[in-house]
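In UniProt numbering, the protein residues as written are 1 to 104. Glycine residues also receive a C-beta, built at the ideal position from the N, C-alpha and C atoms. A short write-up of the structure that comes next.
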Amino acid sequence: MEQWINLYRASHVLEAHAIKGALEVSGIRVRLNGDGLQSLIGELPVDLLQVTLMVPEHQQHQAARVIERYQQRQGNGWLCGRCGEENGANFDICWHCGNDPQEE
Ligand SMILES: [Zn+2]
């Protein structure tokens with residue numbers, strides 16, 4: 001069975017869809033996790049909902065690069081303390097080496 005991983009936590013639904021489009025253009029399959037919550041919660045403004053983008057594990061690095069470019073256009077990211085790779089602001093862990101900056 002194919003492994004899907006949570007790659008990116010979008011700060012709102014519109015961002016999630018923008019990135020999903022960018023990924024799909026690059027030939028990466030994307031699932032949005034949390035999208036369906038809208039119908040459940042209904043009353044909440046859309047921008048309060050967090051959406052996680054899931055990608056197939058084997059496309060993880062390719063997808064991370066697409067998101068990284070997207071993030072660079074949006075500004076602000078962080079540098080990994082272990083490998084020095086630049087990560088987009090919404091990455092919880094380094095896309096390159098998997099380092100979790102919260103655990104440093
Ligand atoms: Zn790293």
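Original post:
Is it buried or exposed for residue 66, if we count other Cβ within 10 angstroms and need 16 for buried?
Top reply: The residue labelled residue 66 in the question sits at position 66 within the sequence shown. Burial call: buried.
Original post:
Just reading off the alpha helix (DSSP H) that residue 16 is part of, what are its end residues?
Top reply: Numbered from its first residue, the sequence shown carries residue 16 at position 16. It spans 13-25 - the alpha helix (DSSP H) in which residue 16 sits, taken as one unbroken run.
**OP:** Mind listing which residues have their beta carbon within less than 5 Å of any non-hydrogen atom of ligand 1? Chain order is fine.
**Re:** 80, 82, 83, 85, 94, 96, 97, 99
Original post:
Is residue 13 buried or exposed, if buried means 16 or more other CB atoms sit within 10 Å of its CB?
Top reply: By one-based count along the sequence shown, residue 13 stands at place 13. When all chains shown are included, residue 13 counts as buried.
Subject >> For residue 53 and residue 8, believed in contact at Cβ under 8 Å, the rounded distance >> reply: For the purposes of this step, residue 8 is taken as residue 8 along the sequence shown, with counting starting at 1. For the purposes of this step, residue 53 is taken as residue 53 along the sequence shown, with counting starting at 1. Right, the Cβ-Cβ distance comes to about 4 Å (below 8 Å), so this counts as a contact.
Subject >> Sequence-distant residues of its chain with Cβ nearer than 7 Å to residue 5 (five each side left out) >> reply: As a working mapping, residue 5 is identified with position 5 in the sequence shown. Closer than 7 Å at the Cβ level, and outside the excluded window around residue 5, lie 54, 55, 57, 60.
Subject >> The beta strand (DSSP E) enclosing residue 51, as first and last residue numbers >> reply: Here residue 51 refers to the residue found at position 51 when the sequence shown is read from its first residue. From DSSP, the beta strand (DSSP E) with residue 51 extends over 51-56.
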